[in-house]
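As structure tokens, the structure follows; a few thoughts come after it.
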Amino acid sequence: MTPWDNIKGVLFDLDGVITATARLHDQAWQSIAEKVQAPWTPALQASLKGIDRMHALELILQAAGVAQAYSPAEKQALAAAKNQRYLELVQQLTPTDILPGIRVFLDQLQQHGYQIALASASKNAPTVLHQLGLAAFFPKIVDPNTLTKGKPAPEIYQKAAALLHLAPDQCVGIEDAAAGVAAINASGALSVGIGAAQELAAADVVFASTAELTLPHLQQVFGGGVRG
167 MTPWDNIKGV LFDLDGVITA TARLHDQAWQ SIAEKVQAPW TPALQASLKG
217 IDRMHALELI LQAAGVAQAY SPAEKQALAA AKNQRYLELV QQLTPTDILP
267 GIRVFLDQLQ QHGYQIALAS ASKNAPTVLH QLGLAAFFPK IVDPNTLTKG
317 KPAPEIYQKA AALLHLAPDQ CVGIEDAAAG VAAINASGAL SVGIGAAQEL
367 AAADVVFAST AELTLPHLQQ VFGGGVRG
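Read in order, the letters of the sequence shown correspond to residues 167 to 394 in my numbering.
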């Protein structure tokens, strides 16, 4: 029996896997960084990838040296301002912004009876999926408001599997960030990384781009060995 024989569900991250909304988050967060006078460096930008909104805001405030200067209410207001700017940018998304191969991959999964769920920290995921024309593929979406711990904790992937009435080890998770891969691995699901092999070395399999993400390719790869 190969690792793939047990797989019945596929769990998706959103940003960097289904669409490249990271650039929209970056634009929105940069506006907040400028407001609190944090230097917008490549290192700060990279540190915000794959984490929840309030955690990202804390990193920006720390970079500005003002983490203690804002009250909880003021932090909530900053987070809301970021979200409002992001939602304005999201309205520009169309199906042409779906990453290469993803629509075909979703069709393959659906045609072959695999269940699908979204495991994204984004509270705006339903809006993004609607703009992309993919909402019908994702009736099962983890509500980030129900999470007690964000990635790299496994909770979001455990909940995604539960939405499908599956155990995590019956699922494959797909991520483009190291924190996300760690969350998949900790949940017990098989992990697929999209991006740089060195950054995502903990994943069971790494594909350079979503264009390589096909059902036959996954079946072929997981027909062999995975991490011990």
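No residue lacks a Cβ here, since even glycine has one placed at the ideal position from N, Cα and C.
Own chain, CB closer than 6 Å to residue i, minus 5 neighbours either side, in chain order
{"i": "lysine 289", "result": "Pro310"}
{"i": "glutamine 274", "result": "Leu381"}
{"i": "leucine 329", "result": "Ala283 and Lys306"}
{"i": "valine 371", "result": "Val358 and Val387"}
{"i": "proline 266", "result": "Thr376 and Ala377"}
{"i": "glutamine 385", "result": "Trp170"}
Contacts around residue i, its chain only, beta-carbon distance under 7 Å, and the 5 residues preceding and following it disregarded
{"i": "aspartate 171", "result": "none"}
8 Å CB neighbourhood of residue i in its chain, flanking five on each side removed
{"i": "alanine 233", "result": "Glu224 and Leu227"}
{"i": "leucine 298", "result": "Ile184, Thr185, Leu259, Thr260, Pro261, Asp263 and Ile264"}
Given residue i as reference, the closest of the options once Cα atoms are compared
{"i": "alanine 301", "options": "Gly279, Lys325, Leu272 and Lys315", "result": "Leu272"}
{"i": "alanine 287", "options": "Leu330, Asp179, Ala328 and Pro169", "result": "Asp179"}
{"i": "glycine 354", "options": "Leu210, Ala186, Gln257 and Pro320", "result": "Pro320"}
{"i": "aspartate 342", "options": "Ile198, Gln277, Tyr236 and Ala367", "result": "Ala367"}
{"i": "alanine 247", "options": "Glu378, Trp195 and His221", "result": "Trp195"}
{"i": "asparagine 351", "options": "Gln324, Leu332 and Pro292", "result": "Gln324"}
{"i": "arginine 219", "options": "Val338, Gln242, Gly361 and Pro208", "result": "Gln242"}
{"i": "leucine 244", "options": "Ala222, Val338, Leu255 and Glu254", "result": "Ala222"}
{"i": "histidine 278", "options": "Gly389, Gly175, Thr168 and Gln203", "result": "Gly175"}
{"i": "alanine 285", "options": "Pro318, Leu253, Leu255 and Gln364", "result": "Pro318"}
{"i": "glutamine 281", "options": "Glu240, Ala327, Glu254 and Asn249", "result": "Ala327"}
Residue i, buried or exposed, once every other Cβ within 10 Å from all chains shown has been counted against 16
{"i": "glycine 394", "result": "At glycine 394 the pLDDT is 41, less than 50, meaning the model places this residue with poor confidence; the figure from the coordinates comes in the next sentence. It is exposed - the Cβ of glycine 394 has fewer than 16 other Cβ atoms within 10 Å."}
{"i": "threonine 314", "result": "exposed"}
{"i": "arginine 189", "result": "exposed"}
{"i": "alanine 212", "result": "exposed"}
{"i": "glycine 389", "result": "exposed"}
{"i": "alanine 291", "result": "buried"}
Contact under 8 Å by Cβ, residue i with residue j
{"i": "isoleucine 322", "j": "isoleucine 340", "result": "no"}
{"i": "alanine 229", "j": "alanine 204", "result": "yes"}
{"i": "leucine 255", "j": "threonine 293", "result": "no"}
{"i": "glycine 216", "j": "alanine 345", "result": "yes"}
Checklist entry - Which full runs of the alpha helix (DSSP H) of 4+ residues lie inside the stretch 234-296, going along the chain? => result 238-256 and 268-277
Checklist entry - Whole alpha helix (DSSP H) runs in the stretch 183-219 with 4 or more residues, listed along the chain? => result 188-202 and 208-213
Checklist entry - Curious, which full-length beta strand (DSSP E) runs of at least 3 residues does the stretch 305-379 contain? => result 337-341, 356-360 and 371-373
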